[in-house]
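In what follows, a single structure is set out as structure tokens and then discussed.
Residue numbers (the numbering used here): 1 to 186.
Here is the structure:
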């Protein structure tokens, strides 16, 4: 989502993806949102998780719903830290009724650990991931799809075109996002 004027770019609208997830949950009747994601560690990297959370939380704010701090975890994406974050999120009395995960891998880990707390997905908590990795379809995870195959194809085309036409002006391509509805929603 960081647009650099001097470079060709394939742009993912992360904030828009978070907004879409919020809208999706809201339409399904969810009113107690939660979020889990990998905190961006590098200053030069796109803050995808933070932007996804910003879009998600701003959607609910516009509906008059404040996301409770205990329903949010952003941290280091190691097995140990992620498990601690999931445990913290799921081991409380007042649980969210939906959780948006900043990636499909985090969403799948959350779903796996939910059974430890006798929670059924989606009966107790609806879950939506982000990416639409192949494993999302295999596990029937509802996700915000960023069309990874298409964005990779577009990036490759831009590189090849740049090699053949080094003086052409920079190109920016925005990848369309959509919700792939599967079995992890109410």
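All C-beta atoms in this analysis are idealised placements derived from N, C-alpha and C, irrespective of residue type, glycine included.
- In the displayed model, residue 75 falls within a strand according to three-state DSSP.
- Shortest Cα-Cα distance from residue 30 to any of 7, 66, 17 involves 66.
- Here residue 35 carries a strand assignment [DSSP, helix/strand/coil].
- Sequence-distant partners of residue 57 (beyond 5 residues in either direction) whose C-beta falls short of 7 Å from its own C-beta, in its chain, are 67.
- If you look at residue 100, you'll find it in the beta strand (DSSP E) that goes 98–101.
- Contact annotation: residue 108 and residue 135 have beta-carbon atoms nearer than 9 Å.
- Membership of residue 25 in any beta strand (DSSP E) is not indicated; the residue belongs instead to the alpha helix (DSSP H) covering 14–27.
- For residue 57, there is no enclosing beta strand (DSSP E); the residue is found in the alpha helix (DSSP H) stretching over 48–62.
- When the five nearest sequence neighbours on each side are left out, the beta carbons in the same chain lying within less than 8 Å of the beta carbon of residue 119 are those of 90, 95, 125, in order along the chain.
- Rounded to whole angstroms, the Cβ separation of residue 53 and residue 37 is 6 Å, and the two are in contact under 8 Å.
- Contact annotation: residue 122 and residue 161 have beta-carbon atoms that are not nearer than 9 Å.
- In the three-state reduction of the DSSP assignment, residue 120 falls in the coil class, being assigned neither a helical nor a strand state.
- Contact between residue 146 and residue 175 is confirmed by a C-beta separation of about 6 Å, below the 8 Å threshold.
- The beta carbons of residue 34 and residue 99 sit closer together than 9 Å.
- Shown here, residue 9 sits in a strand according to DSSP, grouped into three states.
- Of the candidates 47, 181, 111, 111 places its Cα closest to the Cα of residue 82.
- Take the alpha-carbon of residue 69 and the one of residue 155: they are about 37 Å apart.
- Residue range 104–114 is occupied by the alpha helix (DSSP H) that includes residue 106.
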